[in-house]
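Heads up: the sequence shown begins at 43 in my numbering, then just goes up one per residue.
What follows is a set of notes on a single structure, which appears directly below.
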Amino acid sequence: MRRQASLALLNTLSLTRLPLAVAFVVIPNVWIRAGLVMLAAFTDFLDGWIARHRGLTTRLGALIDPVADRAFMVTAIVVCYLDGLISGIAVLLLVIRDLGTTVGFLVARLVPNLRRVELKARMLGKAVTSLQLVTLLCVLLFPPAVVPLVALIGVLSLASMVDYSTAVLRARERGSGPRRMKPGAGSSSSASSLPPVRK
Numbered sequence: 043m044r045r046q047a048s049l050a051l052l053n054t055l056s057l058t059r060l061p062l063a064v065a066f067v068v069i070p071n072v073w074i075r076a077g078l079v080m081l082a083a084f085t086d087f088l089d090g091w092i093a094r095h096r097g098l099t100t101r102l103g104a105l106i107d108p109v110a111d112r113a114f115m116v117t118a119i120v121v122c123y124l125d126g127l128i129s130g131i132a133v134l135l136l137v138i139r140d141l142g143t144t145v146g147f148l149v150a151r152l153v154p155n156l157r158r159v160e161l162k163a164r165m166l167g168k169a170v171t172s173l174q175l176v177t178l179l180c181v182l183l184f185p186p187a188v189v190p191l192v193a194l195i196g197v198l199s200l201a202s203m204v205d206y207s208t209a210v211l212r213a214r215e216r217g218s219g220p221r222r223m224k225p226g227a228g229s230s231s232s233a234s235s236l237p238p239v240r241k
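Laid out in structure tokens, this is it:
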């Protein structure tokens, strides 16, 4: 029961980024928006840290956390674009990794050989997310830094998608070897799985 309560708390913490996204839309004050970005970053760090250090990693948490992250990030980026703070090209470079991972997720769910592969956060992906948050702050508070940050994010996003795709394909290859478990013969963490993580 205690573990379930802790998992519910972590998932709730992740989901707080959804009302933060709504607040970003309805509150035009630049300083409040900057505070919302920092609060979203803090909750992102906190729920991931707790999950890792207390062994509270689950498939549901591994799904909720990135969805909440993307919801806040994409909402904030689109709002900044509509307010004329960033260009359309900057928006594309900022969200290209999110578009790529969304397509990758759909492919992994549709291709039979990939369905058993657990999707796992990668270091490059974490770096892109962190830079996105920093860029949002600069859009609001220090515009001169936006262009070089957006360019860096574009490069790292492409590298992140290649890295992620490679990791998924390697996991699939491991699962297709002679030591693959028979269907239903064991737990969900088969040889083709990457451990579910929140971060």
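Don't be surprised by glycine CBs; every beta carbon is placed ideally from N, CA and C.
Shown here, I69 sits in coil according to DSSP, grouped into three states, outside any helix or strand.
According to the DSSP assignment, L179 belongs to the alpha helix (DSSP H) that extends over M165 to L183. For M203, the closest C-alpha among the options D107, M165 and V181 is that of M165. At a Cβ-Cβ threshold of 8 Å, L55 and L88 count as neighbours. Just measuring C-alpha positions, the residue of W91, R59, R94 and A110 sitting nearest G77 is R59. Only residues of its own chain outside the window of five on either side were considered, and among them R139, I195, L198, S199 and S202 have a CB closer than 8 Å to the CB of V170, listed in chain order.
Residue state for G90 is assigned as helix, using DSSP reduced to three classes. Contact check for V109 and I119: beta-carbon distance about 16 Å, past the 8 Å limit, so the pair fails to qualify. The residues N53, S56 and L57, in chain order, have a CB closer than 7 Å to that of I106 in the same chain once the five nearest residues on each side in sequence are set aside.
When the five nearest sequence neighbours on each side are left out, the beta carbons in the same chain lying within less than 6 Å of the beta carbon of R112 are those of D140, in order along the chain. DSSP places D111 within a helical segment (H, G or I) once states are collapsed to three.
Note on geometry: alpha-carbon atoms of L136 and S172 lie some 12 Å from one another.
For the set V121, K168 and Y206, the Cα lying nearest the Cα of A65 is the one of V121.
Taking the C-beta atoms as reference points, V192 is found no nearer than 8 Å to T208. Nearest to V68 by C-alpha distance, out of L124, Q174, G142 and L175, is L124. Annotation for I128: C122, V181 and V188 place their beta carbon closer than 7 Å to its own, counting only its chain and skipping 5 residues before and after. In the structure shown, T208 adopts helical secondary structure according to DSSP, grouped into three states.
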